[in-house]
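Read through the structure below, which is laid out as structure tokens, and then see the notes.
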Amino acid sequence: AQSVTQLGSHVSVSEGALVLLRCNYSSSVPPYLFWYVQYPNQGLQLLLKYTSAATLVKGINGFEAEFKKSETSFHLTKPSAHMSDAAEYFCAVSDYNFNKFYFGSGTKLNVKP
Amino acid sequence: DAGVIQSPRHEVTEMGQEVTLRCKPISGHDYLFWYRQTMMRGLELLIYFNNNVPIDDSGMPEDRFSAKMPNASFSTLKIQPSEPRDSAVYFCASTRQIQETQYFGPGTRLLVL
Numbered sequence: 038a039q040s041v042t043q044l045g046s047h048v049s050v051s052e053g054a055l056v057l058l059r060c061n062y063s064s065s066v067p068p069y070l071f072w073y074v075q076y077p078n079q080g081l082q083l084l085l086k087y088t089s090a091a092t093l094v095k096g097i098n099g100f101e102a103e104f105k106k107s108e109t110s111f112h113l114t115k116p117s118a119h120m121s122d123a124a125e126y127f128c129a130v131s132d133y134n135f136n137k138f139y140f141g142s143g144t145k146l147n148v149k150p
Numbered sequence: 103d104a105g106v107i108q109s110p111r112h113e114v115t116e117m118g119q120e121v122t123l124r125c126k127p128i129s130g131h132d133y134l135f136w137y138r139q140t141m142m143r144g145l146e147l148l149i150y151f152n153n154n155v156p157i158d159d160s161g162m163p164e165d166r167f168s169a170k171m172p173n174a175s176f177s178t179l180k181i182q183p184s185e186p187r188d189s190a191v192y193f194c195a196s197t198r199q200i201q202e203t204q205y206f207g208p209g210t211r212l213l214v215l
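Same order as they appear, the protein sequences are chains V and H. Under the numbering used here, the residue at position 111 of the first sequence is numbered 148, and the numbers go up by one with no gaps. Under the numbering used here, the residue at position 60 of the second sequence is numbered 162, and the numbers go up by one with no gaps.
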């Protein structure tokens, strides 16, 4: 079975600073991993996903995430934060074998001018 | 494609009334998910269907909640009787396979007075 943990419910960075949002999963088999973003008053939309093709996955708006099997992590990064990145970010994992899907608890990113 | 369609977008009702939320998934998507989002509890998976069959309803809060999917293009989430603590944004999402991207609707904002 799978589960996903996001460390830090709130993260605050200055504009132009590095963004790092942490996600760890528990799995005994290679998972499918996702990052979704939710802007205020909107639904969730896909930022990027890992499907075992490459460990470094590039997404929209300059975000990327690296799958590290040894650390069971899939942290989301962006070199330089922009004010428009302020949103809530959700890590998610799907377990194809058990036909299950799990969202993390979410991390709200605040970008300071 | 029009994306996932939810109706109504906003619903205000009084405690004790029946509320029905509707969702039309993207054509060809075999999975449909119902989520609830509140400030206190975050994003919660309520139930999901595969080929119109409920797979996991362990997230449904109590017997007052029920969900149906009579065909591949329509699902309902019903609350009867509604209570103020049911006030939340309810999202519907669909996907072709459990390991693929979920596409979210715009949500229904429910307020129970």
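Beta carbons: idealized from backbone N, C-alpha and C, even for Gly. Quick caveat, the model's predicted, so the values are computed rather than measured.
Assuming H/LEU215 is part of the beta strand (DSSP E), what are its boundary residues? H/LEU215 -> no beta strand (DSSP E), and no H or E assigned at all.
Chain H residues whose Cβ lies nearer than 9 angstroms to that of V/GLY45: Below the 9 angstroms Cβ cutoff, chain H contributes no neighbours of V/GLY45, its closest Cβ being approximately 14 angstroms away.
Can you give the Cα-Cα distance for V/VAL94 and H/LEU212, rounded to whole angstroms? 36 angstroms
Taking C-beta pairs closer than 8 angstroms, name the residues in chain H that V/GLY143 reaches, listed in chain order. GLY144 and LEU145
H/MET142 (DSSP reduced to helix, strand or coil): Coil at H/MET142, not helix or strand.
Within the same chain, show all residues whose beta-carbon is closer than 8 angstroms to that of H/ARG198, passing over the 5 residues directly before and after it, in chain order. GLY130, HIS131, ASP132 and TYR133
Tell me whether H/PRO156 sits in a helix, a strand or coil according to DSSP, three-state version. strand
Does H/GLY161 come within less than 8 angstroms of chain V when only Cβ atoms are used? no
For V/GLN152, report the span of its beta strand (DSSP E) as first-last. As shown, chain V starts at 38 and ends at 150. That puts residue 152 of chain V outside it, with no answer to give.
Below 9 angstroms between beta carbons is the criterion; list the residues of the segment 71-93 of chain V that meet it against any residue of chain H, in chain order. PHE71, TYR73, GLN75, ASN78, GLN79, GLY80, LEU81, GLN82, LEU83, LYS86 and THR88
Check the DSSP bridge columns for V/ALA129 and list the partner residues they point to. When DSSP reads this structure, V/ALA129 sits in a beta bridge with V/PHE71 and V/PHE140.
Please check the pair H/LEU145 and V/PHE127, which I expect to be a contact at CB under 8 angstroms, by giving their CB distance rounded to whole angstroms. Indeed, because the Cβ distance is near 7 angstroms, the residues count as touching under 8 angstroms.
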